[in-house]
Amino acid sequence: MPVQPNAALNAVTPASAAIRAYGVTQTPTGDFPTMLQDAARASLQTLRSAEMMAARGVAGTADIQEVVQAAANAELTVQTLTQLRDKVVGAYMDVLRMAV
7 MPVQPNAALN
17 AVTPASAAIR
27 AYGVTQTPTG
37 DFPTMLQDAA
47 RASLQTLRSA
57 EMMAARGVAG
67 TADIQEVVQA
77 AANAELTVQT
87 LTQLRDKVVG
97 AYMDVLRMAV
């Protein structure tokens, strides 16, 4: 069964909306340090909202699906930041090993 072009576009549209909801633009603006600062702020906001949602879940005022989704977003954010940290440390170690 051939894939209709509109079906592919319809599948991408919700993902694009979700990305825009987190404040990520399609075209980068500014320099690399600004991009890193914005990503760090967005990550911190994700972790804070997950913490607030968990507190609401403990209090019984939040839907369990929202709590699980917030926890999954927080977990993905922490994993991403950990991988980024590991890559930066690895690059730093490579620079230290370079012969001058």
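Quick note: the sequence shown uses this note's numbering, first residue 7, plus one each step. We put the beta carbon where it would ideally sit given N, CA and C, even for glycine.
Counted within 10 angstroms of its Cβ, other Cβ atoms place Ala76 as buried (16 or more) or exposed: buried
From what residue to what residue does the alpha helix (DSSP H) around Val106 run? Premise fails: Val106 is in no alpha helix (DSSP H) and is neither H nor E.
Can you tell me whether Ala80 is buried or exposed, with buried defined as 16 or more other CB within 10 angstroms of its CB? buried
Nearest to Gly87 by alpha carbon, out of Thr40, Gly63 and Ala48? Inspection of the sequence shows that residue 87 is occupied by Leu rather than by Gly. With distances taken between Cα atoms, Leu87 lies closest to Ala48.
At the level of alpha carbons, what is the spacing between Pro39 and Val94? 14 Å
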